[in-house]
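Chains as they are written, first to last, in this note's numbering: chain X, 1 to 284; chain H, 285 to 652; chain A, 653 to 1075.
1. Give me the Cα-Cα distance between residue 435 of chain H and residue 1024 of chain A, rounded to the nearest whole angstrom.
2. Between A/747, A/692 and A/928, which lies nearest to residue 100 of chain X when the distance is taken from Cα to Cα?
3. Bridge partners of residue 430 of chain H, per DSSP?
4. Between residue 540 of chain H and chain A, is the shortest Cβ-Cβ distance under 8 angstroms, so that the two count as touching?
5. At 7 angstroms on the CB atoms, spell out the chain A contacts of residue 643 of chain H, in chain order.
6. Quick check on this structure: which residue in A/812, A/970 and A/754 has the alpha carbon closest to the alpha carbon of residue 884 of chain A?
7. Please state whether DSSP places residue 944 of chain A in a helix, a strand or coil.
8. Using CA atoms only, rank isn't needed, just tell me which of H/441, H/401, H/383 and H/438 is closest to residue 660 of chain H.
9. Against chain H, does residue 113 of chain X count as a neighbour if the rule is that its beta carbon must be under 8 angstroms from one of theirs?
10. Since residue 344 of chain H meets chain X, which of its residues come closer than 8 angstroms, beta carbon to beta carbon?
11. Using the Cα positions of residue 938 of chain A and residue 865 of chain A, report the straight-line distance between them to the nearest angstrom.
12. What does the Cβ neighbour count give for residue 520 of chain H, buried or exposed, with the cut at 16 atoms within 10 Å?
13. Check the DSSP bridge columns for residue 628 of chain H and list the partner residues they point to.
14. DSSP three-state label for residue 860 of chain A, please.
15. Which residue from X/238, X/277, X/90 and X/107 puts its Cα closest to that of residue 158 of chain X?
16. Taking 8 angstroms as the cut-off, decide whether the C-beta atoms of residue 481 of chain H and residue 495 of chain H are in contact.
17. Run through the stretch 952-995 of chain A for me and flag every whole alpha helix (DSSP H) of 4 or more residues, listed as ranges in chain order.
18. Which residue from H/650, H/624, H/544 and H/508 puts its Cα closest to that of residue 347 of chain H?
19. Just checking residue 54 of chain X against the ligand FMN - is the residue's beta carbon closer than 7 angstroms to any of the ligand's heavy atoms?
20. In the DSSP assignment, find the alpha helix (DSSP H) that holds residue 527 of chain H and state where it starts and stops.
21. Select from H/582, H/609 and H/608 the residue whose C-alpha is nearest the C-alpha of residue 601 of chain H.
22. Hey, is residue 160 of chain X's beta-carbon within less than 8 angstroms of any beta-carbon in chain H?
23. To the nearest angstrom, how far is the alpha carbon of residue 1007 of chain A from that of residue 862 of chain A?
24. Hey, quick one: how far does the beta strand (DSSP E) through residue 456 of chain H stretch, first residue to last?
25. Which same chain residues end up closer than 8 angstroms to residue 293 of chain H when comparing Cβ atoms and leaving out the 5 residues on each side of it in sequence?
26. Indicate the three-state DSSP secondary structure (helix, strand or coil) for residue 834 of chain A in the structure shown.
27. In the DSSP assignment, the alpha helix (DSSP H) including residue 147 of chain X goes from what residue to what residue?
28. Beta carbons nearer than 7 angstroms to chain X: which residues of the stretch 514-531 of chain H have them?
29. For residue 249 of chain X, write down the residues that DSSP places opposite it in a beta bridge.
30. Quick one, which of H/311, H/314 and H/318 has its alpha-carbon nearest residue 242 of chain X's?
31. Assuming residue 49 of chain X and residue 518 of chain H form a contact by the criterion Cβ under 8 angstroms, report the distance between their Cβ atoms to the nearest whole angstrom.
32. Cα-Cα, which of H/340, H/370 and H/553 is closest to residue 559 of chain H?
33. My output table needs one value for residue 369 of chain H: the three-state DSSP class, helix, strand or coil.
34. Roughly how many angstroms lie between the CA atoms of residue 401 of chain H and residue 389 of chain H, to the nearest whole one?
35. Does the stretch 1008-1027 of chain A come within contact of the stretch 940-947 of chain A, defined as at least 3 CB pairs closer than 8 angstroms?
36. Measuring CB to CB, does residue 212 of chain X end up less than 8 angstroms from residue 95 of chain X?
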């Protein structure tokens, strides 16, 4: 429905516009909870409440104190660094293992393919609380509970299904004769992988990696069990913030993260358009 | 050999931990507490001073007291105790002590005497409810109400909670049977002294649940201490139970239009335990900290940040003004005679025996 | 040479029979595929499957009774639980020995806790007696039957002995029975009294609400996915940011945001009162009930529905629709008979993903669901991190997992797990 054709009837016209309105409302539903936290993060009070001062737009009702708290408070700062140390490592682990396995799975004639697939997808389908408790006991026994490595491994396991799903999806359309052609011309398997296969499945790998990153970055159940106070991540700190202490600091953190994600998403989009322009493609 | 959080990474990669410190006390301790203003009062009153006195020592907070019993059981089973001192309520301390998960303490030897020489066991008196428990504070679970939303007449008794006609609107109660069952029976005409006898029978449980049924549709159930103050601030509930210190900070520090209803407040204790089975160096550090953190002055200092009564008799005269607001703290203490007119004495022993059973019945009632 | 090719098997270039050579190549291929998969398989087995298996094993594990009360269990072998007599002195003497040994290392409370799940009140009998028996001489201070009963008359209760006898094995079905609101009595499985029934209700509620959430996601996700797939890539990418933004925002933050929006003094009610749709004194109850959970969870899971739908719809050729219309189909017929069937795999992929994720969530329902809008996962979390009844938590988890696995299997049969696409 790129545009309404000039010969559209009144009914079609009405449907066209009401459909757009419906979609607009759904987008509004998606975005409203995020929009609402932004003004509240500037609340001068320590509650998640729109105060009368805020509604009157009285400057008294607003303050930056929750932002100051985030940047000056040691526990928030160390939580942020922990998150930034854990999520990328977990992502690297799951993307590396996951991509290799997805390539293996996409070969013709893989024995026990269904069973293997089910095992690899399992971290996504086992209810999180069961995984968390199980990991807690098992990791304690092998000395991984309460360590950085333990949290990274646990988060990597949770991210793997996303990598497997996205990469196998891109490999479905992969033309196997390309690798054969490369091998024919004397490329060894490693070169073939990095020069031929990797660039083609890269979008799948990146999107799987993003899912894995977000899984770790936003994960609170498993880290509460597998981590100890030294690995307190941002979601953990937010969880405490919600439970034990009324502090809109978590809204300030969320606002900062939303701003960063908007910038990231916009940058990606801009880069994509730029590369399209450079390659002489017109945006479809 | 000591294992700090910082060296944990180095350890797993190098597989060998260097015995960097030859002292017999560990240099890092993980303190488990409740977070929020309570934890910050502990931090200001004795953790920061202790760290200042002992350079090189690092204290890490873990806000897991709410799950302390289950987690300590799991740590014990896995043989991997990562906590050094755990702040728990008295009944949890008793359970942990019974199960051998907490270290037994010789109160007189291990803790500081009062300035006048009174032994610790005498100074703490009746509050030493368990051999493993070192009490810090007396707190209470009581009610706060929105002064502007309850109408012309403020609630005066706990039974006003059950009076929907006089005080319409939602109320918040803790999502557990403890206290709620007792209040329900008390307001259903059971004499204060008979509450636990009645609650011990199936009919008594039914009676309490039936009483709670009368307000069930108007109850918002909370499980974390921060919820009731937030609900009151939003005007989402007109009255609700929570810990008295939370209400104090909402009223005095946040200037919320909230009033206190002290009637039938439920006293409880909160204090430290040391997990059983710590390595010698960590235990030595924990004991050293404990002696400092529970002395007369430190407990009195804590009361300058939060309205909980210090557990030592000798600390009471030292309680002064709020450290930041400069208001007298004594009238805000749950133990103040003006507030403690009609109190509910919570029976630890009874709950230790019946908790699992009543929890199951209460949970089943909740989802009905 | 020529006669071998005529009579013998076909040979490959290196002279081996072609059949064998092909089989060898196939084997190599399989081996290479497995070599690529092996590291991850091993990784998942160690970091995930073993821990989960270990956890689920707790749902049948009952070694604690034999470990703590070995003599008592042996002595009880000859006692008939159907009789109306409590066991004799030999059993009590064995119990005294066990109890003393256990109390010295404080493990009697563990068995007390275990048995208390099956027979409430039993815990205090063990705890109170343990404290005293610790100081006894258990060799020659009998008779122990009278002494123990004198210490605590709970020991004279035949139900206590039936419970110990019933749960003296190292494996138990007790937790699973409890998880379906039954219990193992002396005469076999029986239904629990009505006041203690809870888990069946919760399981059904979890399934019903997850279905509603999945359905809401389909209804909201389909139009958006359709729009995204049928506008220019440039606009689609811009709108995609609106879909991904919530996805990138912390779950905890989105949930608290819904609290701010939905509560009675919240933004939505304020707006409705302001425009006069509802009166100030009968504001809508949108939170702390099923509705709250459904709204918040639909929002949280919607991107998981839109992304697979979108990727399927992108592959549907718009020419099919035009062809249908040029053949005289109305807009609706063209959509319903041509477009919709092709988009079904997307709906399937999204639905299974949303449903599976929904049944496992517990933080959001705990925060916005009140008592009517919580899931079975909330009870699992309660048993694992609060009540400490890990066996029951594991049994409930195993049941939930079984349901999810059946769904996964059905899905894999019908759609195939390879057809799930995320973005």
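Beta carbons: idealized from backbone N, C-alpha and C, even for Gly.
In this structure, then:
1. 30 angstroms
2. A/692
3. H/542
4. no
5. 1039
6. A/970
7. helix
8. This structure cannot speak to residue 660 of chain H, because chain H is shown only from 285 to 652.
9. no
10. 229 and 230
11. 15 angstroms
12. buried
13. H/550
14. helix
15. X/90
16. no
17. 970-978
18. H/508
19. Judged by which ligands are present, the structure shown has none, so any question about the ligand FMN falls away.
20. Run containing residue 527 of chain H: none in the alpha helix (DSSP H); it sits in the beta strand (DSSP E), 523-527.
21. H/582
22. no
23. 6 angstroms
24. 455-458
25. The predicted position of residue 293 of chain H is uncertain, since its pLDDT is 40 and thus under 50; a value taken from the coordinates is nonetheless stated next. Answer for residue 293 of chain H: no residue qualifies.
26. strand
27. Careful: residue 147 of chain X lies outside any alpha helix (DSSP H) and carries neither H nor E.
28. 514, 517 and 518
29. According to DSSP, residue 249 of chain X bridges with nothing at all.
30. H/318
31. 5 angstroms
32. H/370
33. strand
34. 19 angstroms
35. yes
36. yes
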